[in-house]
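Counting the sequence shown from 1 gives a position; our numbering is that position plus 91.
For glycine and all other residues, C-beta sits at the position ideal for the given N, C-alpha and C.
The next block holds one structure in the form of structure tokens; read it before the comments.
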Amino acid sequence: MSASSAFNDDKGGSSSVGEAEYAYDPVSGKIFSSDYNRHDDLKEMLDSNKDSLKLEAMKRIVAMIARGKNASDLFPAVVKNVACKNIEVKKLVYVYLVRYAEEQQDLALLSISTFQRGLKDPNQLIRASALRVLSSIRVTIIVPIMMLAIKEAASDMSPYVRKTAAHAIPKLYSLDPEQKDQLIEVIEKLLADKTTLVAGSVVMAFEEVCPERIDLIHKNYRKLCNLLIDVEEWGQVVIINMLTRYARTQFLNPNINESLLEEGSGGDKTFYGSDEDEDEDDDEKEKEKKAEAAAMAKRKPYVMDPDHRLLLRNTKPLLQSRNAAVVMAVAQLYFHLAPKAEVGVIAKALVRLLRSHSEVQFVVLQNVATMTIKRRGMFEPYLKSFYIRSTDPTQIKVLKLEVLTNLANETNISTILREFQTYIKSMDKDFVAATIQAIGRCATNIGEVRDTCLNGLVQLLSNRDELVVAESVVVIKKLLQMQPEKHSDIIKHMAKLTDNIQVPMARASILWLIGEYCEHVPKIAPDVLRKMAKSFTNEEDIVKLQIINLAAKLYLTNSKQTKLLTQYVLNLAKYDQNYDIRDRARFIRQLIVPTEKSGALSKYAKKLFLALKPAPVLESPFKDRDHFQLGSLSHLLNAKAGGYQELPDWPEAAPDPSVRNVEVPEWTKCSSREKRKEKKVEKPFYSDSEGESGPTESADSESDSATASDSRSGSEESGSGSESESEEDSESEEEEEEKKSKKKELKKPVQESESEQSSEEEDRKPEKKSKQQKSDSESESDEDEESESESSPSESEDSESEAEVKKKKKVAESKPPSKPVKKEKKEMSLLDLDDFEPAPSPQVTPVNTLLSNSLVTDLEGLSLSDSVLSPATIAPSSALKNYELLHRITGEGLTVEYCFSRQPFSPDANMVAVQLQFTNNSSSDTKSLHMEDVKLQSGMRVKEFPEIELLPAGETASAVMGIDFCDSTQAANFQLCTHTKKFFVSIQPPVGELMRTVFLTENEFKKEQGQLMGMNEITEKLTLDARCRNEHAIVQRVTAAANLSRVPCGSDKECSPPVRPPDHPVHRFAGRTVTSSSLVLVTVATREEGAAQLTVNCEKMVIGTMLVKDILLALTQ
């Protein structure tokens, strides 16, 4: 890094990433004239012999690409480095080549031999990158090379390379469709893969290349169902959609008996109704009835296929996924495949998604609107979740209206209409129009409220807003067609509005109503025609057509009064500019004014014009959308999108289920002990499915027996590798079982307390629950076991390494200590924190005299995080910075301050504990202090502080609340309420408070730092403040800026005589982010004369960048 910065200084350019786009040409004197030496500094760096310069250049180039800048002219310079020995450089070169290989095909082809060598590289990342680049070169010449590379990669040892091979299959297929047969062989091979990393990618390739080859899925069906929970999120979406189509072809309709009963009841009605009809139809209908009865008798009672049940049971936990697409995929699977009694479980998950971004809400509401037409009861308990907020965008408001209208019935219509009344006052005109239409639909669907709705709409006719009145007129017109004779007053009232309403559609609707029901208003109708004839030439076309219609109808019913008026209107229309109006006038004149030329039609003019017209049916626009698969783009657009595959119909007879049976080799059959383990794991995980109601539950026992061996082998494959290690020791069997029984006893109170928690906490992911249980578990050995049993296969390597570290620590702890100093240090690093009782101070002092200086400072900086330690042992309250939440003046005498206590928040380990201090400065008591209306960004959560019932005047009270900031510095907004007032407040965390301390040795620190290089490392040079040049001050300022713990200097084997500290020590600090447990490593390396270098390594680059700024500020001010 230093070499690269020196290079930049020599160049005279800034070290920021690729800033200088155009260089200054000293010869021509023109700044923007030429491009000849653009990126010259980068080209020189790429040609140099130093790997550090090449790495810096590649970082800058990749950053340019990320910012959308064109770096294609650097292709020759970059492609030369494809054979570089440095792995970091090589990775970045491959990233660049994937981006530009398609544009610069000729140059990429020149280095194809290097990519082929890369496919044999010992590093799996290089092999995968080489294959990715190779499949990105879209040239037909290299199709055979690509085919060979994909086949080799499909049998690679690394699952990551196999996953990349699966990604390359669709690329090759689009380049050369003739390779389909060979690619299907590769897909078949990869479908048999047992790793979760490959599953999603290969199913995606299957969907792209050969979705019709359903036979490839049979043998892998149960494995895919069992692996589903551990596959990455986008893989889950693809697999669920594929399995939905698969299930529709392989299983029977679980609701078949219900649908037959419905058809039968429909048949009864027609059958009994036929008594009133003519006798000819009776015989036919009786025959039909008998045939239906025979079909019902033949049909066996429905029993759900065990594989069908397996799919439903294994997808159900995914309703708690954090990814909206996964939840939506499971919801559509249940809607299309589950028995009616079980579909209800998806409602709660979909309602949860309505708290997400507006784009997600839009898609979810589209699907909910379709579901509510067929299965209204499912969403009725969540009616209030569909109430409209003022902040919702218009398209969301209209969709929520649609859902509310679909859910309306006799019991809830009064509350829905009350909601609609408030919506009409909105400023959003499109939304108001949609609300009025919704009222009209409620009135047509529910006869009991028709009059109420009509009266309400008539009141709207006196509204000041013309659009509201116009929309009301259009809806009233439709409602009046149902019972016109009852509502002549309303027609009269609307006739008076013709003077005021200017919206063409509304005027046309009023004229149509008066013309259609002119017999109910015989006095008013001619007068309306007189007024309209006066303004005919200035009206819109749609209104002119209705004036002509009104004139014709009045001429036929009341020719005495209106004969001349009608002739006048027809004469005006005869010379109108619009040919539609001229044609209509000519046609009507011939029809109603009989002459010698006019034909026989004029006799029937009255029947033609004044025929009874059926009332319009106001239907939902989502009525016919369910023939598209829910959650698909076609359903969203209501039109078939490219690549959409129709959802197959259920088969009449069940296909052979034995095609899904897999022969289990002898050596994989598990022992009785493993069976016992399997039962222990399965029971609590699937316990929620016991509550599923309906006749299909009886099939569960069969499904368990039929798929026991498959699911067992599947779960073993997806089990952690560390578990198999523990099985080797036959002697430790009894000990393990004893530990497990202890652990169950410990977990009982945890489970009881969890069951009492609110529904919001139930929505939380299963992983978070397991983390909470971990923090509550008593002993370190229990934690080891739990991490072993719960680690997913994708993390098996990590879990093994963790287990090894813990084993080493245990061994070290069990050895008899040779020196008291060493023992003291070891105890501090490996404390069993729940059993820790702070020792009295007199006993500690003599030990301090024995410790070396560096060890004292290490222990000073070391902060141990556990709920048992009192606040004083971690950080004195004076050290914690207080922030003002509510000022005395704003709070009318109530002051509220808050600080981040840096204690673990016991109800939920993923939350940051925030301590609030309330001071009542007023003369009166404050009552009922509590929180309301919490507004958070998606993913964030809040655990409210308990209500403070009374805060007397002049008194102070404190409370603790928990906030899950989701590793971001976005504010948590809420209302702080007393018995009389509400105050809007917000808590925004500094980035340093989003962490918890973690203890690492120096060796562990360096090992972790080595894995967080490249883009995850940020380095800054600084000059330390004059008062901040000793070790104590640096430690104090860094730990004040961020909740990090000090990493002890030197190796674990501390020498017994005190060693003189180095002249320029390096200070290391470590922590983890609270929500995602990502490592945060900080290094402050001091130099001569107060110079220093700050390095932050963090997986989350945003947090790393913000933390660098905060620590820089703390050390330089």
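Report task. Ignore the nearest five residues each way along the sequence and tell me which others in E193's own chain have a CB closer than 8 angstroms to its CB. Result -> Cβ neighbours of E193 beyond the five flanking positions: S227, I228, R229.
Query raised in the report: From the DSSP output, which residues share a beta bridge with Y989?
Result: Beta-bridge partners assigned by DSSP to Y989: Y974, L1007.
**Report entry** Neighbour-count burial assignment, M237, 16 or more Cβ in a 10 Å radius
**Finding:** Burial check for M237: the Cβ neighbour count within 10 Å reaches 16 or more, so the residue is buried.
Query raised in the report: Quick one: any contact between the region 1069 to 1084 and the region 970 to 985, if contact means 3 or more CB pairs under 8 angstroms?
Result: The region 1069 to 1084 vs the region 970 to 985: in contact.
Requested in this report: Compute the Euclidean distance between the alpha carbons of M1192 and N1107, then round it to the nearest angstrom.
Outcome: Straight-line spacing of the CA atoms in M1192 and N1107 works out to 6 angstroms.
**Report entry** Straight-line gap, R716 to K254 (C-alpha atoms, nearest Å)
**Finding:** Inter-residue distance for R716 and K254 is about 36 angstroms (C-alpha atoms, whole angstroms).
Query raised in the report: Residues in its own chain within less than 6 angstroms of V1025 by CB, not counting five upstream and five downstream?
Result: Closer than 6 angstroms at the Cβ level, and outside the excluded window around V1025, lie V1033, F1065.
Report task. Using the DSSP secondary-structure output, state which residues sit across from E243 in a beta bridge. Result -> DSSP, once it has assigned bridges, lists no residue as partnering E243.
Query raised in the report: M623 lies in the alpha helix (DSSP H); which residues open and close that run?
Result: Counted as a single uninterrupted DSSP element, the alpha helix (DSSP H) harbouring M623 occupies residues 615 to 625.
Query raised in the report: Skipping 5 residues on each side, what residues in its chain have a beta carbon closer than 6 angstroms to that of Y695?
Result: Excluding sequence neighbours, Y695 sits near nothing in its chain.
Query - Cα-Cα separation between D116 and K1112, rounded to whole angstroms - result: Confidence at D116 is low in this model, with a pLDDT of 45, below 50, so the placement of that residue should be treated as unreliable; the coordinate-derived value is given next. Note on geometry: alpha-carbon atoms of D116 and K1112 lie some 32 angstroms from one another.
Query raised in the report: By DSSP, does Q1066 sit in helix, in strand, or in coil?
Result: Strand, per DSSP.
**Report entry** Within 8 angstroms, strictly: CB atoms of A1161 and G1083
**Finding:** The Cβ atoms of A1161 and G1083 lie no closer than 8 angstroms to each other.
Query raised in the report: Which two residues bound the contiguous alpha helix (DSSP H) that contains F1160?
Result: Not the alpha helix (DSSP H): F1160 falls in the beta strand (DSSP E), residues 1157 to 1164.
Report task. Report the residue from S723, V169, C544 whose alpha carbon sits nearest the alpha carbon of A732. Result -> Scanning S723, V169, C544 for the CA closest to the CA of A732 turns up S723.
Query raised in the report: Which first and last residues belong to the alpha helix (DSSP H) in which H1217 is found?
Result: Residue 1217 lies beyond the residue range present for the chain, which begins at 92 and ends at 1208; the question has no answer from this structure.
**Report entry** Spatial neighbours of I1202 in its chain, beta-carbon cut-off 7 angstroms, leaving aside the 5 residues before and after
**Finding:** Counting only Cβ-Cβ distances below 7 angstroms, and skipping sequence neighbours, we find V1129, A1132, A1133, V1173, L1185.
Query raised in the report: If you draw a straight line from the alpha carbon of A1048 to that of A1182, how long is it in whole angstroms?
Result: Taking C-alpha positions only, A1048 is separated from A1182 by approximately 46 angstroms.
Query raised in the report: What is the DSSP secondary structure of S1049, counted as helix, strand or coil?
Result: Correct three-state label for S1049: strand.
Report task. Return the chain-ordered list of same chain residues with a C-beta closer than 8 angstroms to the C-beta of L307, the five sequence neighbours on each side being excluded. Result -> I275, I278, E279, L282, F297, C301.
**Report entry** Proximity winner among N729, D267, R158, relative to T461 (alpha-carbon distances)
**Finding:** Of the candidates N729, D267, R158, the residue whose Cα lies closest to the Cα of T461 is N729.
Query - Collapsed DSSP secondary structure at E610 in the structure displayed - result: In this structure, DSSP gives E610 a state outside helix and strand, which the three-state scheme calls coil.
Query - For D634, three-class secondary structure by DSSP - result: In the sequence as presented, Asp is not what sits at residue 634; that position holds Val. In the structure shown, V634 falls within a helical segment according to DSSP collapsed to helix, strand and coil.
Query raised in the report: Among P397, R555, C1068, which residue has its Cα nearest to the Cα of M1022?
Result: For M1022, the closest alpha carbon among the candidates P397, R555, C1068 is that of C1068.
Report task. List the DSSP bridge partners of P397. Result -> Paired residue(s): none; P397 is not in a bridge.
**Report entry** Distance between L1170 and K860 (C-alpha atoms, nearest Å)
**Finding:** Low local confidence applies: a pLDDT of 44 at K860 is under 50, so the model's placement there is unreliable, with the coordinate-based value given in what follows. K860 and L1170 have their C-alpha atoms some 21 angstroms from each other.
Report task. Would you identify the three-state DSSP class for D1024, choosing helix, strand or coil? Result -> Looking at D1024 - three-state DSSP - the assignment turns out to be strand.
Query - Sheet register partners of A1183 (DSSP bridge) - result: Note: A1183 sits in a beta bridge opposite L1113, T1177.
Report task. Please report how far the alpha carbon of A422 lies from the alpha carbon of I437, in whole angstroms. Result -> When rounded, the distance between both Cα atoms is 5 angstroms.
Query raised in the report: Just checking, does the region 567 to 586 make contact with the region 540 to 548 on the three C-beta pairs under 8 angstroms criterion?
Result: Short answer: they touch.
Query raised in the report: Quick one: what does DSSP say N729 is sitting in, helix, strand or coil?
Result: The answer is coil: DSSP assigns N729 none of H, G, I, E or B.
**Report entry** Complete alpha helix (DSSP H) runs within the region 482 to 563 (minimum length 4 residues, chain order)
**Finding:** For the region 482 to 563, whole alpha helix (DSSP H) runs of length 4 or above, ordered along the chain, are 485 to 498, 504 to 514, 520 to 536, 541 to 551.
Query raised in the report: What residues match up with V1076 in a beta bridge as DSSP calls it?
Result: BP columns for V1076 point to F1065.
Requested in this report: Report the rounded CA-to-CA distance for E743 versus T513, giving the unit in angstroms.
Outcome: Taking the straight line from one Cα to the other gives about 50 angstroms.
Query - Delimiting residues of the beta strand (DSSP E) encompassing R446 - result: DSSP places R446 outside any beta strand (DSSP E), giving it a letter other than H or E.
**Report entry** Cutoff 6 angstroms; reference K171; Cβ partners in own chain excluding five residues on either side
**Finding:** The beta carbon of K171 sits closer than 6 angstroms to no other beta carbon from its chain once the five residues preceding and following it are set aside.
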